[in-house]
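Asker: If you read the sequence shown in our numbering, its first letter stands for residue 160, the second for the next number, and so on.
For each residue, glycine too, the CB sits at the ideal point set by N, CA and C.
One structure, pasted below without further comment.
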Amino acid sequence: MSQDAFRLLNPDGKEMDLPVRSGTIGPDVIDIARLYREQGVFTYDPGYVSTGSCASEITFIDGEKGVLMYRGYPVEQLAAHSSFLEVSYLLLHGNLPTASELEGFDRTIRTHTMLNEGMLNFFKGFRYDAHPMAMLSAVVGSMSAYYHDSLDASNPEHRDIFAHRILAKLPTIAAAAYKLNKGQPFIYPRNDLSYCENMLQMFFAVPAEPYEIDEVAAEALDLLFILHADHEQNCSTSTVRMAGSSGANPYSAIAAGIAALWGPAHGGANEAVLEMLEEIGDASQIGKYVKKAIDKNDPFRLMGFGHRVYKNFDPRATIIRDMCHKLLAKLGRQDTPIFDLALELEQVALKDDYFIEKNLYPNVDFYSGIIYRALGIPTSMFTVMFALGRSVGWAAHWREMIADPKGRISRPRQLYLGPEQRDYVPIEKR
Ligand code: SDX
């Protein structure tokens, strides 16, 4: 049962009741909207450790219990029974689709996978070794230069076509970036294939010979996209909401989210995990690197460990780790020493007092890169794969934010620590 209000007693004895709001589940929030106007003070919470930025109906996380639900459905159930496109419909529209709704959604996405042919010219300008995340954010940002026909955010149909284009075209853009890095010709999407089958053929097919879809790989990709689809108000999703709150073009807001995801503290961690495992090399070096991670004077952190919210196992990491075993066996890749090293590192870290005390567990990024590598996807593309899964979550949050009748531009304040007023000194007197 929630309290009605938090009573604030400020230094001069003046009291103020701050209303408390309760969600469906999860922690209550204290509504501080009147605080500055009535008390002349701001709250202070760098990194937003204890701050709720918005109300949302999309995803719920309980970090203590390791719970993740999309629109109320536990991610474990969706991973076991659903598909990425069905989960995408759920995130965007709030409920699981009927068979005919899913069929129509699938057909819509399949028929929006091609790019405006002019967009392919961007790839003639990038260096052959450009990082694919740089290309993804640039070309997604350019979508705002192509799609002027549907930018009325107050129009539900425009909000739909925006989401459909993001979901459908990002794999095509990602594949074009991958082909540029490989020095191979761009492969057009095929509407006769499922979402992940089509992605695999755009990545790995070559004009010189027929390409045979590996259904095991398609299923693995589909599961990884379900697990990456959304995660409440994480850094990149909050960036999309922040950029979109000014009324900016939604494609530009998604490009801002891609940029935020790229950081190694966020979605860039899956790439950093593989680089870290390669640097560790073999199990004999694990102790040395765990010590480095604990050493406050060493900037090294164990990539793929720790989480702002999960102070228990990240449920996604558990599912992906189990999937690793099955997939490597199915792909005949049991001899994957890097997976064995990851398992050993996890065991050592989880027994270490520092990691126990700090509640540092493997997160979604710890194992996902091992699967991407087993599928033949290069390390530089790992964060791109994260972005492809998360794109539907970004679109769902943008739609929720832009449809909020009480929505307003996000504009936080600060604690100012700069100099007091001082007068300009002419350069000859400095
Ligand atoms: C994702 O927010 C989301 O939902 C993100 C995500 C999503 O789906 O969108 O789940 C995806 O980004 C997963 C996280 C991927 N990042 C990494 O794996 C990078 C390694 N992890 C750390 O950088 C860190 O754990 C964060 C960024 C994930 C969390 O940072 P916080 O919440 O700011 O925690 P913190 O840095 O304050 O850490 C708390 C303590 C610190 O020690 P003290 O200052 O209290 O002494 O734990 C330590 C940290 O030094 N710590 C680590 C560590 N992570 C935290 N020490 C060693 N190795 C680590 N990995």
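1. Let me check one thing: in DSSP terms, what residues is Met401 bridge-paired to?
2. Asn218 by DSSP, collapsed to three states: which one?
3. Can you give, in chain order, each stretch of the alpha helix (DSSP H) that sits fully within the segment 167–248 and has at least 4 residues?
4. Do Leu461 and ligand 1 come close, with the Cβ less than 7 Å from some heavy atom?
5. Using CA atoms only, rank isn't needed, just tell me which of Ile530, Arg567, Val507 and Lys517 is closest to Glu223.
6. State yes or no: is the C-beta of Phe120 nearer than 7 Å to some heavy atom of ligand 1?
7. Work out the CA separation of Val507 and Ile445 for me, nearest whole Å.
8. What first and last residue would you give for the alpha helix (DSSP H) that runs through Thr495?
9. May I ask you to list the residues that DSSP assigns as paired with Glu434?
10. Pull up the CB-CB distance for Pro521 and Phe464, whole angstroms please, since I reckon it's below 8 Å.
11. Which residue from Asp190, Ile529, Ala297 and Val179 puts its Cα closest to that of Asp481?
12. Quick one: is Asp381 buried, meaning 16 or more other Cβ sit within 10 Å of its Cβ, or exposed?
13. Can you tell me whether Ser215 is buried or exposed? The criterion is at least 16 other CB atoms within 10 Å of its CB, across all chains shown.
14. Any heavy atom of ligand 1 closer than 7 Å to the beta-carbon of Asp319?
15. Could you tell me which residues DSSP puts in a beta bridge with Val365?
16. Which residue's Cα is closest to the Cα of Val523: Asp187, Phe165, Leu227 and Ser212?
17. Compare the Cα-Cα distances from Ala533 to each of Thr257, Ser242, Pro496 and Asn340 and report the closest residue.
18. Is His425 close to ligand 1? I mean its beta-carbon at under 7 Å from any heavy atom of the ligand.
19. If we ignore side chains and look at the alpha-carbon of each, how far apart do Asp311 and Ala562 end up?
20. Taking 6 Å as the limit between beta carbons, can you name the residues of its chain near Arg324, skipping five residues before and five after?
21. Look at the Cβ atom of Ile268, then the Cβ atom of Leu244, and state whether they are nearer than 8 Å.
22. Does the Cβ-Cβ distance between Phe285 and Met292 come in under 8 Å?
23. Ordered along the chain, which non-local residues of its own chain (more than five positions away) have a Cβ less than 6 Å from that of Ser161?
Answerer: Judging by the given coordinates:
1. For the purposes of this step, residue 401 is identified with residue 242 of the sequence shown, where counting begins at 1. Residue pairing of Met401 in beta bridges, as defined by DSSP: absent, with no partner found.
2. What you label residue 218 is simply residue 59 of the sequence shown in a count that begins at 1. One detail in the question is off: residue 218 reads as Thr in this sequence, not Asn. In this structure, Thr218 counts as strand in the three-state DSSP scheme.
3. With a minimum length of 4 residues, the continuous alpha helix (DSSP H) runs that stay inside the segment 167–248 are 194–198 and 234–240.
4. For the purposes of this step, residue 461 is identified with residue 302 of the sequence shown, where counting begins at 1. Correct: Leu461 has its Cβ closer than 7 Å to ligand 1.
5. Translated into the one-based positions of the sequence shown, residue 223 becomes position 64. Nearest of Ile530, Arg567, Val507 and Lys517 to Glu223, Cα basis: Lys517.
6. Within the shown structure, residues of the chain are numbered from 160 to 589, placing residue 120 beyond reach of any answer.
7. Here residue 445 refers to the residue found at position 286 of the sequence shown. Here residue 507 refers to the residue found at position 348 of the sequence shown. Cα to Cα, Ile445 sits roughly 8 Å from Val507.
8. Within the sequence shown, the letter at position 336 stands for residue 495. Here Thr495 belongs to no alpha helix (DSSP H), and DSSP marks it neither H nor E.
9. Here residue 434 refers to the residue found at position 275 when the sequence shown is read from its first residue. Answer is none; Glu434 lacks a bridge partner.
10. Here residue 521 refers to the residue found at position 362 of the sequence shown. Here residue 464 refers to the residue found at position 305 of the sequence shown. Between the beta-carbon of Pro521 and that of Phe464 there is about 6 Å, and that keeps the pair under the 8 Å contact cut.
11. In the sequence shown, the residue the question calls residue 481 occupies position 322. Closest option to Asp481, judged by alpha-carbon separation, among Asp190, Ile529, Ala297 and Val179: Ile529.
12. Here the question's residue 381 lines up with position 222 in the sequence shown. Asp381 should be labelled buried.
13. Reading the sequence shown from its first residue, position 56 is the one you call residue 215. Residue environment for Ser215: buried (at least 16 other C-beta atoms within 10 angstroms of its C-beta).
14. Numbered from 1 along the sequence shown, position 160 holds the residue referred to as residue 319. Exclusion of Asp319 from the 7 Å shell around ligand 1 follows from its C-beta lying no nearer than that to any non-hydrogen atom of the ligand.
15. As a first step, residue 365 is located in the sequence shown; it is residue number 206 there, counting from the start. DSSP lists Glu368 as the beta-bridge partner residues of Val365.
16. The residue given as residue 523 occupies position 364 in the sequence shown. The residue with the shortest Cα to Cα distance from Val523 is Leu227.
17. As a position in the sequence shown, residue 533 is number 374, starting the count at 1. For Ala533, the nearest C-alpha among the options comes from Pro496.
18. To locate residue 425, count along the sequence shown from 1; it is residue 266. The answer is yes for His425.
19. Your numbering for residue 311 matches position 152 in the sequence shown. Your numbering for residue 562 matches position 403 in the sequence shown. Answer to the nearest angstrom: the Cα atoms are 11 Å apart.
20. Here residue 324 is taken as the residue at index 165 of the sequence shown, counted from 1. For Arg324, same chain residues with a beta-carbon under 6 Å away, outside a window of 5 residues either side, are His271 in chain order.
21. Sequence index remark: in the sequence shown, residue 268 carries index 109 (1-based). Sequence index remark: in the sequence shown, residue 244 carries index 85 (1-based). Closer than 8 Å, so yes.
22. Sequence index remark: in the sequence shown, residue 285 carries index 126 (1-based). Sequence index remark: in the sequence shown, residue 292 carries index 133 (1-based). No.
23. Your numbering for residue 161 matches position 2 in the sequence shown. Bear in mind that the predicted position of Ser161 carries a pLDDT of just 49, short of 50, making it unreliable; the figure below should be weighed with that in mind. Counting only residues of its own chain and dropping the five nearest sequence neighbours on each side, Ser161 has a CB closer than 6 Å to the CB of Val179, Ser181 and Asp187.
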